[in-house]
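J.:
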Amino acid sequence: MADGTNVPVGGLAAASPKGRKTAMQKFAQRRSTTGFLLCLPLILLVACFVVYPAFYAIYLSMLNKKMTAFVGLGNFQFLLKRHTFQLVIFQSCLFAITAVVLKALLGFTLAHLMHNIPGKNQKIWRGLLLVPWVIPLALSTLTWWWMFDPSYSAFNWVLNQFGFANVPWLGVGWIARFCTIAVNVWYGTPFFMIMYLAALKSVPEQLYEASAIDGANAVQKLFFVTLPMMRNIISITVLFSLITTFADFDIVRILTAGGPQDMTHVFATYAFQVGIQSGDIPLGAADSLFMFPILAFAAFFVLRGVTKRTKEIAA
Amino acid sequence: MSASVADRRNAIAAKRGNSLRNQRLWALWGSYIALGIFVVMFLVPPFYTLMTSLKSSAEISAQVGSPWLVRHPTLENFWYLITYPNFQRYYLNSVIVTILTVSVSMVISVLAAFSLSRMGFWGSQTLSTSVFLTYLVPPSLLFIPLFQIIGQLGLINNFWCLVILYPTLAVPFCTWIMIGYFSSIPKELDEAALIDGAGYLQMLWKIFIPVAMPGIIAATIFAFTVSWGAFLYPLAYLYTSNQMVLTVGIISDLIRGDVFQWGKIMAACLLASLPPIVIYAFLMDYYVAGLTAGATKG
Chain A
1 MADGTNVPVG GLAAASPKGR KTAMQKFAQR RSTTGFLLCL PLILLVACFV
51 VYPAFYAIYL SMLNKKMTAF VGLGNFQFLL KRHTFQLVIF QSCLFAITAV
101 VLKALLGFTL AHLMHNIPGK NQKIWRGLLL VPWVIPLALS TLTWWWMFDP
151 SYSAFNWVLN QFGFANVPWL GVGWIARFCT IAVNVWYGTP FFMIMYLAAL
201 KSVPEQLYEA SAIDGANAVQ KLFFVTLPMM RNIISITVLF SLITTFADFD
251 IVRILTAGGP QDMTHVFATY AFQVGIQSGD IPLGAADSLF MFPILAFAAF
301 FVLRGVTKRT KEIAA
Chain E
316 MSASVADRRN AIAAKRGNSL RNQRLWALWG SYIALGIFVV MFLVPPFYTL
366 MTSLKSSAEI SAQVGSPWLV RHPTLENFWY LITYPNFQRY YLNSVIVTIL
416 TVSVSMVISV LAAFSLSRMG FWGSQTLSTS VFLTYLVPPS LLFIPLFQII
466 GQLGLINNFW CLVILYPTLA VPFCTWIMIG YFSSIPKELD EAALIDGAGY
516 LQMLWKIFIP VAMPGIIAAT IFAFTVSWGA FLYPLAYLYT SNQMVLTVGI
566 ISDLIRGDVF QWGKIMAACL LASLPPIVIY AFLMDYYVAG LTAGATKG
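Protein chains in written order, with the numbering used here: chain A, 1 to 315; chain E, 316 to 613.
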């Protein structure tokens, strides 16, 4: 009887550290298995419809038009030599850089103006200012198209009232380029405004008080307090916007469909015209792929700067 | 003597205080005026949409007087669209696609965010980073290979292909927002739940989702925005009117060759923008909070 009780106790005592360890291990293992299973839908979705298409695009871009023969980098060479494509590269960069700079400046101004007015009124003003960003872009661009209409358009009527002649808004290359940029700025500025407003609110008030005691004026406060504190959010917002603007499709497609004389084509609309409308899938794929290194380059540098600064703040 | 000095000092202080207050007041009014100008500029296109949608085709084609005003307001454009079977079809398709996309995206991203914020497994760090990088992939980068893939799946000209493809645009950012909200929930809460014998799914359902409701709302609105307003995928993959969604339906149906029925197009734009406007009017705060929190964390 005494032996009988002793043995299991001794056995338990000997076995318990091992037993507990395996239980812990089992728990950890089960935890990570569950974790992996919960991520599985996401992994499958991204693998099937983002990663696989990306590699498939590289493969497609190296085929000939009928997709029967391998041509290596022939499509890329062909595109680079083509005058239309050189225009596309120029216009994409012009469109993205001009629009993002304008949006950033206007958004910054608006955020400052909003920051000046008392909090309870901010909500109404913010609601009004966010309207361009709330309406689906494809639909609001239709309105812009109608306002740019050459014969009886809203803008030309106003110009006529002041004694100016009609402007062929979408009919002349550089004016059409300006119009696409203007619509993009109209659509994207509210996004910058809310991002910057959130950043402005996160700057501690003590910093401004300290700089005021040191005799800093408004401009110095802006450059030595506000901007350094906002640098991370500015770079992230600019990166997001740069990518979506660079890859923009809706505005150019609806407003000009690339014309006049292919002067407003950007990568996305040109890829659509070549790949889907003319049926040259490999050439379209090659055209889209030109965006990738540019975007990856921008993303790499911005994100590296952001993580570096985050580490500095944490340290 | 001393009293007069004190008086003078007070007077100077009052004057200075006054000028500071005046300065503040001027800054305030200046801000209001500048904001007012911006609001007017921003609201010109929606206003013009509304004006045009209230005009009859005769009034638009007459081309007399100011195009900014409507002389004989009529609802005939709206009535035409509401009773137009194709337009009803587009609306219905948009609603179906959006509801399915939002549900699929939210299930995928909430599960993934729960796992990535709480259960470290081999490669979970890399996975969170790649989720963020996936968000940076724009739709126009991959639509041509996807055209081929959708074709191989037999889903060209079938709006179900949008239900498969839209989540790829919505899920990365929704997951990113949700990771942020879930990570801010104190670990003690899930320890307490585990001690009480809750399983992981119970923990997610009973603790994480209720506590992170603002984040769920923000992510849902993002998924809704993506799938309601997307234009490139439906334009590239759908071509008959029984499969089209609103964004492409309006453009391909109401614009026939060189005939622009602007009144009807503008009315259709208004009707199609109504759901986002209503949703944003009520839930804007959550969305802005989620959006800015996501970016500041990045």
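Glycine included, C-beta positions come from ideal geometry on N, C-alpha and C. Predicted model, so just to flag it, every value in this text is computed and none were measured.
Near N557 (chain E), what residues of its chain come up, given a Cβ to Cβ distance below 8 Å and the 5 sequence neighbours on each side ignored?
T.: Within the second sequence, residue 557 (chain E) is the residue found at index 242, counting from 1. The answer, listed in chain order, is R404.
J.: Are A582 (chain E) and M493 (chain E) close, meaning C-beta to C-beta below 8 Å?
T.: Here residue 582 (chain E) refers to the residue found at position 267 of the second sequence. Here residue 493 (chain E) refers to the residue found at position 178 of the second sequence. Cβ atoms of A582 (chain E) and M493 (chain E): not closer than 8 Å.
J.: Roughly how many angstroms lie between the CA atoms of T143 (chain A) and L227 (chain A), to the nearest whole one?
T.: For the purposes of this step, residue 143 (chain A) is taken as the residue at position 143 of the first sequence. For the purposes of this step, residue 227 (chain A) is taken as the residue at position 227 of the first sequence. C-alpha separation (whole angstroms): 36 Å.
J.: Let's see if you can read the secondary structure: which residues bound the alpha helix (DSSP H) around Y196 (chain A)?
T.: As a position in the first sequence, residue 196 (chain A) is number 196, starting the count at 1. Segment 173-202, the alpha helix (DSSP H) holding Y196 (chain A).
J.: Please report the residue range of the alpha helix (DSSP H) in which I58 (chain A) lies.
T.: Position 58 of the first sequence, counting from 1, holds the residue named residue 58 (chain A). Where I58 (chain A) is concerned, the enclosing alpha helix (DSSP H) stretches over 52-60.
J.: From S409 (chain E) to S588 (chain E), what distance separates their C-alpha atoms?
T.: Within the second sequence, numbered from 1, the residue matching residue 409 (chain E) stands at position 94. Within the second sequence, numbered from 1, the residue matching residue 588 (chain E) stands at position 273. If you take the alpha carbons of S409 (chain E) and S588 (chain E), they lie about 12 Å apart.
J.: Would you say L289 (chain A) touches the ligand MN, meaning its beta carbon is less than 7 Å from a heavy atom?
T.: Here there are no bound small molecules, and the ligand MN is not part of this structure.
J.: Taking DSSP as the reference, what is the three-state secondary structure of A298 (chain A)?
T.: Indexing the first sequence from 1 puts residue 298 (chain A) at position 298. Here A298 (chain A) sits in helix by DSSP.
J.: Assuming the contact rule is C-beta atoms closer than 8 Å, S498 (chain E) and S445 (chain E) should be a hit. Round their C-beta distance to whole Å, please.
T.: Within the second sequence, the letter at position 183 stands for residue 498 (chain E). Within the second sequence, the letter at position 130 stands for residue 445 (chain E). Between S445 (chain E) and S498 (chain E) the Cβ distance is about 17 Å, and since that is not below 8 Å, they are no contact.
J.: Could you check where the alpha helix (DSSP H) with A165 (chain A) kicks off and where it finishes?
T.: The sequence position of residue 165 (chain A) within the first sequence is 165, counting from 1. Run containing A165 (chain A): none; DSSP gives neither H nor E here.
J.: Taking the alpha carbon of G305 (chain A) as the point to measure from, which residue in A:I236, A:S241, A:V158 has its own alpha carbon closest?
T.: Counted from its first residue, the first sequence places residue 305 (chain A) at position 305. Comparing Cα-Cα distances from G305 (chain A) to each of A:I236, A:S241, A:V158, the minimum goes to A:I236.
J.: With a CB to CB cut of under 8 Å and the five nearest residues on each side skipped, what residues in its chain are close to A545 (chain E)?
T.: Along the second sequence, read from residue 1 onward, the residue named residue 545 (chain E) stands at position 230. P454, L477, Y481, L484, T562, listed in sequence order.
J.: Which of the three DSSP states, helix, strand or coil, is assigned to I234 (chain A)?
T.: Indexing the first sequence from 1 puts residue 234 (chain A) at position 234. If DSSP states are grouped into helix, strand and coil, I234 (chain A) belongs with the helices.
J.: Taking the straight line between their C-alpha atoms, what separation do you get for T490 (chain E) and A533 (chain E)?
T.: Within the second sequence, numbered from 1, the residue matching residue 490 (chain E) stands at position 175. Within the second sequence, numbered from 1, the residue matching residue 533 (chain E) stands at position 218. Whole-angstrom Cα-Cα distance: 11 Å.
J.: Between the stretch 233-267 of chain A and chain E, which residues of the former have a C-beta closer than 8 Å to a C-beta of the latter?
T.: Per Cβ criterion, the list reads I233, I236, T237, L239, F240, I243, T244, F246, A247, D248, F249, D250, R253, I254, F267.
J.: Could you check what DSSP says for L369 (chain E) in three-state terms: helix, strand or coil?
T.: The residue given as residue 369 (chain E) occupies position 54 in the second sequence. Of the three classes helix, strand and coil, the one that applies to L369 (chain E) here is coil, per DSSP.
J.: Does L350 (chain E) get closer than 8 Å to chain A when you measure Cβ to Cβ?
T.: The residue labelled residue 350 (chain E) in the question sits at position 35 within the second sequence. Closer than 8 Å to some Cβ of chain A, the Cβ of L350 (chain E) qualifies, so yes.
J.: Please look up how many angstroms separate the CB atoms of S92 (chain A) and F246 (chain A), rounded, as I've assumed it's under 8 Å.
T.: Sequence index remark: in the first sequence, residue 92 (chain A) carries index 92 (1-based). Sequence index remark: in the first sequence, residue 246 (chain A) carries index 246 (1-based). Yes, they are in contact, since the Cβ atoms of S92 (chain A) and F246 (chain A) sit about 6 Å apart, within 8 Å.
J.: Put I135 (chain A) into one of helix, strand or coil per three-state DSSP.
T.: Walking along the first sequence from the start, residue 135 (chain A) turns up at place 135. Three-state DSSP puts I135 (chain A) in coil, outside helix and strand.
J.: Quick one: what's got a C-beta closer than 6 Å to S16 (chain A)'s C-beta in the same chain, skipping five residues either side?
T.: Looking up residue 16 (chain A) in the first sequence gives position 16. Residue confidence is low: S16 (chain A) scores 46 on pLDDT, short of 50, so the model does not pin down where it sits. No coordinate-derived value is stated.
J.: From the DSSP output, in three-state form, read off V306 (chain A) for me.
T.: In the first sequence, the residue the question calls residue 306 (chain A) occupies position 306. If DSSP states are grouped into helix, strand and coil, V306 (chain A) belongs with the helices.
J.: How would you list, in chain order, the residues of chain A whose beta-carbon sits under 8 Å from the beta-carbon of I580 (chain E)?
T.: In the second sequence, residue 580 (chain E) corresponds to position 265, counting from 1. Per Cβ cutoff of 8 Å: L142, W146.
J.: Using a Cβ-Cβ cutoff of 7 Å, what residues of the stretch 34-59 of chain A are near chain E? List them in chain order.
T.: Cβ contacts with chain E: T34, G35, F36, L38, C39, P41, L42, L45, V46, F49, V50, P53, A54, Y56, A57.
J.: Mind checking if T483 (chain E) is an interface residue toward chain A, Cβ cutoff 8 Å exclusive?
T.: For this step, residue 483 (chain E) is matched to residue 168 along the second sequence. True, the Cβ-Cβ gap to chain A drops below 8 Å.
J.: Could you round the C-beta distance between S542 (chain E) and T416 (chain E) to whole angstroms and report it? I think they count as a contact, below 8 Å.
T.: Locating residue 542 (chain E) in the second sequence gives position 227, counting from the first residue. Locating residue 416 (chain E) in the second sequence gives position 101, counting from the first residue. Yes, they are in contact, since the Cβ atoms of S542 (chain E) and T416 (chain E) sit about 4 Å apart, within 8 Å.
J.: Any C-beta of chain E within less than 7 Å: which residues of the stretch 268-290 of chain A qualify?
T.: Against chain E - using a Cβ distance shorter than 7 Å - the residues of the stretch 268-290 of chain A are A268, A271, F272, G275, I276, I281, G284, A285, S288.
J.: Under 7 Å between beta-carbons, which chain A residues line up against L544 (chain E)? List them in chain order, please.
T.: Working through the second sequence from its first residue, we reach residue 544 (chain E) at position 229. In the sequence as presented, Leu is not what sits at residue 544 (chain E); that position holds Gly. Ordered by position in chain A, the residues that pass the 7 Å Cβ test against G544 (chain E) are P136, L137, A138.
J.: Determine whether the Cβ of A154 (chain A) lies closer than 8 Å to any Cβ atom of chain E.
T.: Indexing the first sequence from 1 puts residue 154 (chain A) at position 154. So, interface residue.
J.: Please state whether DSSP places A596 (chain E) in a helix, a strand or coil.
T.: Here residue 596 (chain E) refers to the residue found at position 281 of the second sequence. Correct three-state label for A596 (chain E): helix.
J.: Just to confirm the assignment: which complete alpha helix (DSSP H) runs, minimum length 4, are found wholly within the stretch 505-531 of chain E?
T.: DSSP runs (the alpha helix (DSSP H)) wholly in the stretch 505-531 of chain E: 515-518.
J.: May I have a chain-ordered list of the alpha helix (DSSP H) segments no shorter than 4 residues that lie completely inside the stretch 27-104 of chain A?
T.: Listed in chain order, they are 52-60, 74-81.
J.: For Y196 (chain A), which option in A:N64, A:P260, A:P282, A:R126 has the closest C-alpha, if you only look at C-alpha atoms?
T.: In the first sequence, counting from the first residue as 1, residue 196 (chain A) sits at position 196. Selected option, being the one with the closest Cα: A:R126.
J.: Just the Cα atoms here: how many angstroms apart are F402 (chain E) and K502 (chain E)?
T.: As a first step, residue 402 (chain E) is located in the second sequence; it is residue number 87 there, counting from the start. As a first step, residue 502 (chain E) is located in the second sequence; it is residue number 187 there, counting from the start. Using only the alpha carbons, I get a separation of about 50 Å.
J.: 8 Å is my cut-off, CB to CB: does A427 (chain E) come that close to chain A?
T.: Reading the second sequence from its first residue, position 112 is the one you call residue 427 (chain E). Chain A contact via Cβ: present.
J.: Using 8 Å as the limit for Cβ to Cβ distance, is V486 (chain E) near chain A?
T.: Mapped onto the second sequence, residue 486 (chain E) falls at position 171. So yes, V486 (chain E) belongs to the interface.
J.: With 16 as the cutoff for other CB atoms within 10 Å, does Q273 (chain A) come out buried or exposed?
T.: For the purposes of this step, residue 273 (chain A) is identified with residue 273 of the first sequence, where counting begins at 1. Buried, because 16 or more other Cβ atoms sit within 10 Å of the Cβ of Q273 (chain A).
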